[in-house]
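Chemist: Those sequence lines, one after another, are chains A and B.
Taking the numbering used here, the leading residue of the first sequence gets 1, the next gets one more, and so forth.
Taking the numbering used here, the leading residue of the second sequence gets 1001, the next gets one more, and so forth.
Glycine included, each C-beta is placed from N, C-alpha and C at the ideal position.
Protein chains: 2
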Amino acid sequence: MADIHPVVFALKAKLAKTIGVTVLADVDRSLVRALPLFARMSDTDLDQLLARASTRRVPVGEAVFEQGQKATQFFLLLHGRLKVTQVTSEGQQIIVRVVHPGDIFGFAQALQRDDYPGTPIAAAESVVLSWPNDVWGSVVEQNPHLAVNAMRTIGQRLQEAHTRIREMSTEEVERRVAHAVLRLIEQAGRREEEGTRIDFPLTRQDVAEMTGTTLHTVSRLFSAWESQGIVKGGRQKLLVRDKERLQALAEGAGRES
Amino acid sequence: MADIHPVVFALKAKLAKTIGVTVLADVDRSLVRALPLFARMSDTDLDQLLARASTRRVPVGEAVFEQGQKATQFFLLLHGRLKVTQVTSEGQQIIVRVVHPGDIFGFAQALQRDDYPGTPIAAAESVVLSWPNDVWGSVVEQNPHLAVNAMRTIGQRLQEAHTRIREMSTEEVERRVAHAVLRLIEQAGRREEEGTRIDFPLTRQDVAEMTGTTLHTVSRLFSAWESQGIVKGGRQKLLVRDKERLQALAEGAGRES
DNA sequence: AAAACTCCTTGCGCCACCGCAAGGACATGC
DNA sequence: GCATGTCCTTGCGGTGGCGCAAGGAGTTTT
Chain A
1 MADIHPVVFA LKAKLAKTIG VTVLADVDRS LVRALPLFAR MSDTDLDQLL
51 ARASTRRVPV GEAVFEQGQK ATQFFLLLHG RLKVTQVTSE GQQIIVRVVH
101 PGDIFGFAQA LQRDDYPGTP IAAAESVVLS WPNDVWGSVV EQNPHLAVNA
151 MRTIGQRLQE AHTRIREMST EEVERRVAHA VLRLIEQAGR REEEGTRIDF
201 PLTRQDVAEM TGTTLHTVSR LFSAWESQGI VKGGRQKLLV RDKERLQALA
251 EGAGRES
Chain B
1001 MADIHPVVFA LKAKLAKTIG VTVLADVDRS LVRALPLFAR MSDTDLDQLL
1051 ARASTRRVPV GEAVFEQGQK ATQFFLLLHG RLKVTQVTSE GQQIIVRVVH
1101 PGDIFGFAQA LQRDDYPGTP IAAAESVVLS WPNDVWGSVV EQNPHLAVNA
1151 MRTIGQRLQE AHTRIREMST EEVERRVAHA VLRLIEQAGR REEEGTRIDF
1201 PLTRQDVAEM TGTTLHTVSR LFSAWESQGI VKGGRQKLLV RDKERLQALA
1251 EGAGRES
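1. Using a Cβ-Cβ distance under 8 Å, would residue 1077 of chain B count as near chain A?
2. Please confirm if residue 1082 of chain B has its CB atom under 8 Å from at least one CB of chain A.
3. DSSP three-state call for residue 1064 of chain B: helix, strand or coil?
4. Would you list, in sequence order, the uninterrupted beta strand (DSSP E) runs of no fewer than 3 residues that lie entirely inside the region 81-163 of chain A?
5. Residues of the region 1160-1171 of chain B in Cβ contact with chain A at a cutoff of 7 Å, in chain order, please.
6. Since residue 1211 of chain B is in the alpha helix (DSSP H), which residue starts that stretch and which ends it?
7. Taking CB distances under 8 Å as the criterion, tell me whether residue 1090 of chain B reaches chain A.
8. Can a CB atom of chain B be found closer than 8 Å to the CB of residue 96 of chain A?
9. Does any residue of chain B bring its CB to less than 8 Å from the CB of residue 154 of chain A?
10. Taking CB distances under 8 Å as the criterion, tell me whether residue 1204 of chain B reaches chain A.
11. Below 9 Å between beta carbons is the criterion; list the residues of the region 1121-1152 of chain B that meet it against any residue of chain A, in chain order.
12. For residue 1054 of chain B, write down the residues that DSSP places opposite it in a beta bridge.
13. Using a Cβ-Cβ cut-off of 8 Å, state whether residue 1221 of chain B counts as contacting chain A.
14. Compare the C-alpha of residue 1093 of chain B against each of A/169, A/114, A/66 and A/164 and name the closest.
15. Taking 8 Å as the cut-off, does the region 1165-1180 of chain B touch the region 1206-1223 of chain B (at least 3 CB pairs, one atom from each stretch)?
16. Taking the beta carbon of residue 227 of chain A as the centre, do at least 16 other beta carbons fall within 10 Å, making it buried, or is it exposed?
17. Which residue wins for smallest C-alpha separation from residue 1218 of chain B, given the options B/1196, B/1198 and B/1174?
18. How big is the Cα-Cα spacing for residue 232 of chain A and residue 240 of chain A?
19. Using a C-beta cutoff of 8 Å, does residue 36 of chain A count as contacting chain B?
20. From the beta carbon of residue 113 of chain A, is the nearest beta carbon of chain B less than 8 Å away?
21. What's the C-alpha gap between residue 1040 of chain B and residue 1145 of chain B?
22. With three or more C-beta pairs closer than 8 Å as the rule, is the region 1138-1154 of chain B touching the region 56-70 of chain A?
23. In this structure, what does DSSP give as the bridge partners for residue 196 of chain A?
24. Can you have a look at residue 119 of chain A and say buried or exposed, based on whether 16 or more other CB atoms are within 10 angstroms of its CB?
25. When the Cα of residue 73 of chain A is compared with those of A/86, A/171 and A/105, which residue comes out closest?
26. Are residue 1166 of chain B and residue 214 of chain A closer than 8 Å when you measure CB to CB?
27. In chain A, which residues lie with their C-beta within 8 Å of the C-beta of residue 1201 of chain B?
28. Measure the C-alpha to C-alpha separation of residue 1103 of chain B and residue 160 of chain A and round it to an integer number of angstroms.
29. Which residue from B/1101, B/1140 and B/1044 puts its Cα closest to that of residue 1034 of chain B?
30. When you compare the CB of residue 1157 of chain B with every CB in chain A, is at least one pair closer than 8 Å?
31. Rounded to a whole number of angstroms, what is the C-alpha to C-alpha distance between residue 76 of chain A and residue 1048 of chain B?
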């Protein structure tokens, strides 16, 4: 996942000028090739696959598709960062998960659903590839390994969901937030001299929606942690200076006193 | 799912006397045939599949396998009811989901895991079929439809998990418990003259572990509901008399006042 | 039928967290 | 450079639900 970054930069430069299916054609193959999901696919199959893909640039704040919308395509995030949200009937919003570069998403159809269960919104400028649903079937037939791989992805997601349920059931807010931050560091951390930074814009509100609390509480926690030198905050920014201390908090320090 | 009950009763009578692989042989084919999962499988393939299956009776309170154990088999619940639990490092327990007759479970291997993520415990006397993992691969190859079907099952589970996360994030305890009870009624309800009964032994503690609260709070809620005539409780029992009122509570009545 | 369990109920005090509210700090557009 | 919008911080009061504790009611064991 880290090794695709250089290619992404090359891609980024091009993006600044023009965007279109043709522009990406020469770059995306190496990008896609680097993904574990497609690692074992033959060159010809991959070319065939890419030939049918569409490319789209998604500016910050825009949705790739909307919750409840008819699922006609499945997607791959090439670059950027998406937060998948769901809204309740009362309008309450939560963040289901964060999509990182290389992740596939919106493959509702593979799960036999006909609509998308959530709305992926670009947290940072993003580039997505998409295919019509029927490609999935033909590709899987030719390349069963891909189905297995997709299955694992879903298995991991299910696992994550259960972890989150367990955390929400048994842990108090501080531990949950600590866990969430650690996870983000793991998935989207960039090393700096002071520590590890979360590599995309993330508001307190976002963290609150990921952990089932309010932005107020998150803000208070971050402030407290900052005064202890564990993290360093900022507008839509967070830098973890002392990962060990944060891990201790996630394990349940602060319980005993 | 409801239509397998008559067959189950026939099975149950036999169970009272002897239990063994051979005893089941004549009954289980029709049972398995009734499951949507195997609906489109040919008779010969099904026979072949059943020939490789083992049968096991699981008494109340016993685990089919343990969390963290090496996953060597996958399972199908023929009869009874299982609650899948996970324990945290601190020993806190939660109920991840309830397995109903006809559900497959413990197919960690299909998700590329090598250990079981939870412990399924019999809430009622249960009968499970199991196959060694390698059968999965060969069966899926012969019958891709089965893989698709399994995928849908997982998709639904993921969906459920997200629903639960959303509920835990945004709803207060009463609504969550109401939702959980409604779900149980839907999946395991048996009609009686007074209302609909949850068709397996379920403690207040169980409900608490499904909704992320304590048995005290659940008990208090049930008492309050009972005094309003919405439900009728009992030791390890619950009967819903007024589903509409309960649904209203789940939607958020009691919020405004 | 008594003893030993397991499960359920209810009262009471407490505190983690929410919700409101007001103000400040950045960022972006006109 | 002023205005408008978004995001962050912090104080304060209220409360939902947790935890403790004690007692009661079924169920199984001996």
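Modeler: Let me spell this out:
1. no
2. no
3. The answer is coil: DSSP assigns residue 1064 of chain B none of H, G, I, E or B.
4. The qualifying runs are 93-99 and 119-132.
5. 1161, 1162, 1164, 1165, 1166, 1168, 1169 and 1170
6. 1204-1211
7. yes
8. yes
9. yes
10. no
11. 1140, 1141, 1144, 1147, 1148, 1149, 1150, 1151 and 1152
12. B/1130
13. no
14. It is A/169 whose Cα lies nearest to the Cα of residue 1093 of chain B.
15. When C-beta atoms of the region 1206-1223 of chain B are compared with those of the region 1165-1180 of chain B, three or more pairs fall below 8 Å, so the two segments count as touching.
16. exposed
17. Nearest option by C-alpha distance: B/1174.
18. 6 Å
19. no
20. yes
21. Distance between the alpha carbons of residue 1040 of chain B and residue 1145 of chain B: 8 Å.
22. Judged by pairs of C-beta atoms under 8 Å, the region 56-70 of chain A does not touch the region 1138-1154 of chain B, as fewer than three such pairs exist.
23. A/191 and A/240
24. buried
25. Out of A/86, A/171 and A/105, A/105 has the C-alpha closest to the C-alpha of residue 73 of chain A.
26. no
27. In chain order: nothing, as chain A lies at least about 22 Å away.
28. 22 Å
29. B/1101
30. yes
31. Each residue's Cα considered, the two are about 39 Å apart.
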